[in-house]
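To convert, take the position in the sequence shown, counting from 1, and add 3; that gives this note's numbering.
Ideal Cβ positions, reconstructed from N, Cα and C, are used throughout, including at glycine.
These figures come from a predicted structure and were not determined experimentally.
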Amino acid sequence: MSLTSTHEASRAGMAGETAARLMHRCKWLARCTEKPGEILRTFLSPAMDEVHGAMRPWMEAAGMMVAVDRAGNLRGLFPALGSENAPRLLIGSHLDTVPNAGAYDGVLGVLMGLALVEASAERKYPFAIEVLGFSDEEGTRFGAPFLGSRAVVGELEGSLLECVDDEEVSVAQALAEYAAQLPETIEATLSPESAAYLEFHIEQGPVLESRDLALGIVEGLAGQSRCSVEFRGQAGHAGTNPMKLRRDALAGAAEWMTAVEAIARRFENGVATVGQVTAEPGGVNVIPGVVRCSLDVRHAEDAVRNAMVQTIFDEAHAVAARRGLRVEAGQYHEHPAVRLDAGLVALAQRAAGHAGYGTIRMTSGAGHDAMVIAPHVPSTMIFLRNPGGISHHPDESVAEEDVAAAIHMGLWFLDEFVTYVKGKD
Ligand SMILES: [Zn+2]
């Protein structure tokens, strides 16, 4: 065996051991919940404090300085070799959950940061590693997502602070109460030394499994359009109106919905979903007169997404014209697409290759903390295969060998990052 292959074998072994520990920890942290019988952890909750309490000793044992900032984000700093002002590699994800969650969404990415520090403990790098456990990504408590990551980039402000939870407590009040009981005051900001952000996350979809791959490199997060489309026809008696004299709003909406599916298929990697439909008056023996539909459209390129939305709206008007219906279609919310850093995406792909894993480049259809961080710090994401694509559900899972693959490629990422940081000087 050559020196390099011995080194690679011991590295793979180390990744395997660390992965086993990570899986065990995910299950352990799943016990920290606000609701017995299911996993639920929300922004600034006692269950979140329990997670911090469990993770702090693990992080300290790995040589990290640990603190919780004023926005409830858990932060651990593994110092660089040498200079105090060395660049930092941020590795993070979120520690909150949706109701009745699985054990890996978010948590896995935070524990990956810790795992990489542990697996590389004997060798220090010329950059510091900061592990971030964001306090809110899902928006479960206040209905507004990304509160933790928005805080650290200085975007937790304005009307966001006025959102209230079920007890009518505002974000601003919750933050003030939380910060008052912290033993030390750590501002929720990013260090100016932050050089890059890396987030590992389960895919929450079936693509990697369908391609028989453990890992995917995320090069961008899809932009989103939220629209509403309303069809108006003529309500009437289901028995007395002959078919050819009807103006059935629901039959028109149905024709349009199958067209939405066909249109989305024509745009490569575009997705469009009608998730809500209401029909009025809603009687079993009444022809529907008014139908309101939601429409969610996503694509990695904003121009393509806008073209999809326009084509879908045009189709609604065409269907309405043929059927004598009126239609109103409009977009009420949009989030632009986010490109991740091309240099880091290439670096991640190289690292996976060095570790012996084939990968594909992917666009995330879901939002992640990287979406908030990327405009401020060069960012990339690694997806791990998610069996069945099941997430936001207690059956959510990830294979231990895929976690080992992520750790193994992560160690290569750290090696390659030495050169990346030098190139930025
Ligand atoms: Zn997540």
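Where does Met-68 fall in DSSP's three states? Your numbering for residue 68 matches position 65 in the sequence shown. Three-state result, Met-68: strand.
With a threshold of 8 Å, are at least 3 pairs of Cβ atoms found where one atom belongs to the stretch 368 to 378 and the other to the stretch 196 to 211? Pairwise C-beta distances place the stretch 368 to 378 in contact with the stretch 196 to 211, as three or more of them are shorter than 8 Å.
Let's test the definition: count the other Cβ atoms within 10 Å of the Cβ of Leu-178 and tell me whether it reaches 16, buried, or not, exposed. Counting from one through the sequence shown, the residue named residue 178 turns up at place 175. Leu-178 is buried by the Cβ-count criterion.
Bridge-paired residues (DSSP) for Arg-342: Mapped onto the sequence shown, residue 342 falls at position 339. BP columns for Arg-342 point to Gly-223.
Three-state class that DSSP yields for Ser-48 in the structure shown: Position 45 of the sequence shown, counting from 1, holds the residue named residue 48. Three-state result, Ser-48: coil.
In this structure, does DSSP put Met-4 in helix, strand or coil? If you number the sequence shown from 1, residue 4 lands on position 1. Residue placement at Met-4 is poorly supported in this model, since its pLDDT is 49, which falls under 50; the coordinates still yield a value, given next. Note: Met-4 maps to coil in three-state DSSP.
In three-state DSSP terms, what is Phe-270? In the sequence shown, residue 270 corresponds to position 267, counting from 1. Here Phe-270 sits in coil by DSSP.
Near ligand 1, which residues have their beta-carbon closer than 5 Å to a heavy atom? Asp-108, Gly-109
Would you mind listing the alpha helix (DSSP H) stretches within the stretch 124 to 173 that are 4+ residues and don't spill past its ends, in chain order? 150 to 155
In its own chain, which residues sit with a C-beta less than 6 Å from the C-beta of Gly-208, not counting the 5 before and 5 after it? For the purposes of this step, residue 208 is identified with residue 205 of the sequence shown, where counting begins at 1. Gly-392.
Roughly how many whole angstroms lie between the Cα atoms of Ala-64 and Val-380? In the sequence shown, residue 64 corresponds to position 61, counting from 1. In the sequence shown, residue 380 corresponds to position 377, counting from 1. Approximately 28 Å, taken between the alpha carbons.
What are the residues that DSSP puts in a beta bridge with Gln-334? Numbered from its first residue, the sequence shown carries residue 334 at position 331. BP columns for Gln-334 point to Cys-230.
Pick out whichever of Pro-82, Met-58, Gly-286 has its Cα sitting closest to the Cα of Val-71. As a first step, residue 71 is located in the sequence shown; it is residue number 68 there, counting from the start. That would be Met-58, whose Cα lies nearest to the Cα of Val-71.
With 16 other CB atoms within 10 Å as the buried threshold, where does Gly-306 fall? Within the sequence shown, numbered from 1, the residue matching residue 306 stands at position 303. Just to set this straight, residue 306 is Ala in the shown sequence, not Gly. Burial call: exposed.
Val-277: which of Arg-364, Arg-214, Phe-316 sits nearest, CA to CA? Start at 1 with the first residue of the sequence shown, and residue 277 comes out as number 274. Minimum Cα distance to Val-277 is reached at Phe-316.
Out of His-357, Met-26, Pro-90, state which residue places its alpha-carbon closest to the alpha-carbon of Gly-426. Stepping through the sequence shown from its first residue, residue 426 is reached at position 423. Ranking the options by Cα distance to Gly-426, first place goes to Pro-90.
Where do the ends of the beta strand (DSSP E) carrying Tyr-107 lie? Your numbering for residue 107 matches position 104 in the sequence shown. Here Tyr-107 belongs to no beta strand (DSSP E), and DSSP marks it neither H nor E.
For Thr-45, count neighbouring Cβ atoms within 10 angstroms of its own Cβ and tell me buried if that reaches 16, exposed if not. Locating residue 45 in the sequence shown gives position 42, counting from the first residue. Thr-45 is buried by the Cβ-count criterion.
Taking all protein chains shown into account, do 16 or more other C-beta atoms lie within 10 angstroms of the C-beta of Thr-281, making it buried, or fewer, making it exposed? In the sequence shown, the residue the question calls residue 281 occupies position 278. Exposed: under 16 other Cβ atoms inside 10 Å.
Just checking my contact of Ala-340 with Ala-225 at CB under 8 Å: how many whole Å lie between their CB atoms? Along the sequence shown, read from residue 1 onward, the residue named residue 340 stands at position 337. Along the sequence shown, read from residue 1 onward, the residue named residue 225 stands at position 222. At roughly 6 Å, the Cβ-Cβ gap stays under 8 Å, so Ala-340 and Ala-225 are in contact.
Take the Cβ of Glu-141 as the centre, count every other Cβ of all protein chains shown within 10 Å, and call the residue buried at 16 or more, exposed below. Here residue 141 refers to the residue found at position 138 when the sequence shown is read from its first residue. So Glu-141 counts as buried.
Once the 5 residues before and after Ser-173 are set aside, which same chain residues still bring their CB inside 6 Å of it? As a working note, residue 173 is residue 170 in the sequence shown. Non-local beta-carbon contacts of Ser-173 in its own chain, meaning distances under 6 Å to residues more than five positions away in sequence, involve Glu-165, Val-167 in chain order.
Gly-413 to Pro-82, Cα distance in whole Å? As a first step, residue 413 must be located in the sequence shown, where it is residue number 410. As a first step, residue 82 must be located in the sequence shown, where it is residue number 79. Straight-line measurement puts the Cα of Pro-82 at about 18 Å from the Cα of Gly-413.
Report the CB separation of Asp-251 from Ile-290 in whole angstroms; it is logged as a contact under 8 Å. As a first step, residue 251 must be located in the sequence shown, where it is residue number 248. As a first step, residue 290 must be located in the sequence shown, where it is residue number 287. Indeed, because the Cβ distance is near 5 Å, the residues count as touching under 8 Å.
Looking only at its chain, what residues have a beta carbon closer than 7 Å to the beta carbon of Val-274, apart from the 5 residues adjacent to it on each side? As a working mapping, residue 274 is identified with position 271 in the sequence shown. Closer than 7 Å at Cβ, skipping near neighbours: Ala-267, Arg-301, Gly-368.
Which of helix, strand or coil DSSP assigns to Ser-213: Against the sequence shown, residue 213 aligns to sequence position 210. Looking at Ser-213 - three-state DSSP - the assignment turns out to be helix.
As assigned by DSSP and simplified to three states, the class of Asp-251: Within the sequence shown, numbered from 1, the residue matching residue 251 stands at position 248. In the structure shown, Asp-251 sits in coil (DSSP, three-state: anything other than H, G, I, E or B).
Under a Cβ-count criterion, where at least 16 other Cβ atoms within 10 Å of its own Cβ denotes burial, should Met-4 be classed as buried or exposed? Within the sequence shown, the letter at position 1 stands for residue 4. With a pLDDT of 49 at Met-4, under the threshold of 50, the predicted position of this residue should be treated as unreliable, though the coordinate-derived value follows. The residue in question, Met-4, is exposed, as its Cβ has fewer than 16 Cβ neighbours within 10 Å.
Got a sec? Which residues, its chain only, sit under 6 Å from Arg-153 by beta carbon, not counting five neighbours each side? Taking the first residue of the sequence shown as position 1, residue 153 is located at position 150. Contacts found: Leu-159, Val-375.
Identify whether Ile-94 lies in helix, strand or coil by the three-state DSSP scheme. The residue labelled residue 94 in the question sits at position 91 within the sequence shown. Of the three classes helix, strand and coil, the one that applies to Ile-94 here is strand, per DSSP.
Anyone know if the C-beta pair for Gly-105 and Ser-394 falls short of 9 Å? Reading the sequence shown from its first residue, position 102 is the one you call residue 105. Reading the sequence shown from its first residue, position 391 is the one you call residue 394. Contact flag set, yes.
Using only alpha-carbon positions, find the residue among Arg-24, Val-421, Thr-362 that is nearest to Glu-212. Looking up residue 212 in the sequence shown gives position 209. For the residues Arg-24, Val-421, Thr-362, the minimum Cα distance to Glu-212 belongs to Thr-362.
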